[in-house]
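Engineer:
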Amino acid sequence: NTKITQSPRYLILGRANKSLECEQHLGHNAMYWYKQSAEKPPELMFLYNLKQLIRNETVPSRFIPECPDSSKLLLHISAVDPEDSAVYFCASSHRVSGNTLYFGEGSRLIVV
Amino acid sequence: QQQVRQSPQSLTVWEGETAILNCSYEDSTFNYFPWYQQFPGEGPALLISISSVSDKKEDGRFTIFFNKREKKLSLHITDSQPGDSATYFCAARLASSSFSKLVFGQGTSLSVVP
Chain A
1 NTKITQSPRY LILGRANKSL ECEQHLGHNA MYWYKQSAEK PPELMFLYNL
51 KQLIRNETVP SRFIPECPDS SKLLLHISAV DPEDSAVYFC ASSHRVSGNT
101 LYFGEGSRLI VV
Chain B
113 QQQVRQSPQS LTVWEGETAI LNCSYEDSTF NYFPWYQQFP GEGPALLISI
163 SSVSDKKEDG RFTIFFNKRE KKLSLHITDS QPGDSATYFC AARLASSSFS
213 KLVFGQGTSL SVVP
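Sequence lines, in order, name chains A and B. For the first sequence, the numbering used here gives the first residue as 1, with consecutive numbering after it. For the second sequence, the numbering used here gives the first residue as 113, with consecutive numbering after it.
Set out below in structure tokens:
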């Protein structure tokens, strides 16, 4: 799926700060961050609609999302914890009430 | 409760057989049920979906059977192919939510043996 691009694809961190980036080329209004831990289903972290944060699923404060424009989404991570090791997926939908989510290929974060 | 359960956790079938993946839920306000297919190293991709007003949805070799009374659904993959080997997530959308929050099941890992 090249319509939602994420970078970096792989990331190995100690207790450092880093940002994940996502860009969707689908013209969608809603963008999401999901976290998928090993052998688990994706879990919603944040939801933006037209650049406005409308859902924060009780995510630790070391995760800070940013939506600089309606096609881009960032996830700033500070002082990562080993429990943060996971794949972080960006997703989008045409409207915030849309049924179909389109996922990017994910950014795999490994905390050492 | 907003829970979606899937069984079995893993499934192995021979090429050409029909794979049956099960899903159940508890919240009667769920009204839309997509199935996502995920290959290793990739994001989930929508495979097929059904709304709660239907009892069957077919798309090629993939069919969803939905039993609203029992709060159960199943995904049937006929003539399974090695390329179908992936993890399949059943998900459910809340009817009352103004945004598209999907609740995912734990997934079924399918292996199709040639």
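Ideal Cβ positions, reconstructed from N, Cα and C, are used throughout, including at glycine.
If the cut is a Cβ gap below 9 Å, which residues of chain B does A:Leu26 touch?
Structural biologist: Taking the first residue of the first sequence as position 1, residue 26 of chain A is located at position 26. By Cβ distance, chain B contributes nothing, its closest Cβ being about 13 Å from A:Leu26, past 9 Å.
Engineer: Below 8 Å between beta carbons: does that hold for A:Leu53 and A:Pro68?
Structural biologist: For this step, residue 53 of chain A is matched to residue 53 along the first sequence. For this step, residue 68 of chain A is matched to residue 68 along the first sequence. Going by C-beta atoms, A:Leu53 is not nearer than 8 Å to A:Pro68.
Engineer: Do A:Tyr48 and A:Ala91 count as a contact pair if the criterion is CB distance below 8 Å?
Structural biologist: If you number the first sequence from 1, residue 91 of chain A lands on position 91. If you number the first sequence from 1, residue 48 of chain A lands on position 48. Against a cut-off of 8 Å, the Cβ pair of A:Tyr48 and A:Ala91 comes out as no contact.
Engineer: From A:Gln24, A:Phe89, A:Val112, A:Phe103, pick the residue whose C-alpha is nearest to that of A:Ser37; which is it?
Structural biologist: To locate residue 37 of chain A, count along the first sequence from 1; it is residue 37. Answer by Cα proximity: A:Phe89.
Engineer: For A:Arg108, which residues in the same chain have their Cβ closer than 6 Å to its Cβ, ignoring the five residues on either side in sequence?
Structural biologist: Sequence index remark: in the first sequence, residue 108 of chain A carries index 108 (1-based). Tyr10, Val87, listed in sequence order.
Engineer: Here's the rule I'm using: 16 or more other beta-carbon atoms within 10 Å means buried, otherwise exposed. How should B:Trp126 be labelled?
Structural biologist: Position 14 of the second sequence holds residue 126 of chain B. Looking at its Cβ environment, which holds fewer than 16 other Cβ atoms inside 10 Å, B:Trp126 is exposed.
Engineer: Starting from B:Pro152, find everything on chain A with Cβ-Cβ shorter than 8 Å and list it in chain order.
Structural biologist: The sequence position of residue 152 of chain B within the second sequence is 40, counting from 1. None at all; the shortest Cβ gap to chain A is about 11 Å.
Engineer: Give me the residue from B:Glu129, B:His188, B:Glu138 with the minimum Cα distance to B:Gly172.
Structural biologist: Translated into positions along the second sequence, residue 172 of chain B becomes position 60. For the residues B:Glu129, B:His188, B:Glu138, the minimum Cα distance to B:Gly172 belongs to B:His188.
Engineer: Output, in chain order, the set of chain B residues within a Cβ distance shorter than 8 Å of A:Ser93.
Structural biologist: Position 93 of the first sequence, counted from the start, is the residue given in the question as residue 93 of chain A. Neighbours of A:Ser93 on chain B, chain order: Ser212.
Engineer: Along chain A, which residues have their Cβ under 8 Å away from the Cβ of B:Ser161?
Structural biologist: Taking the second sequence and counting its residues from 1, the one referred to as residue 161 of chain B is at position 49. Simply Asn99, Thr100.
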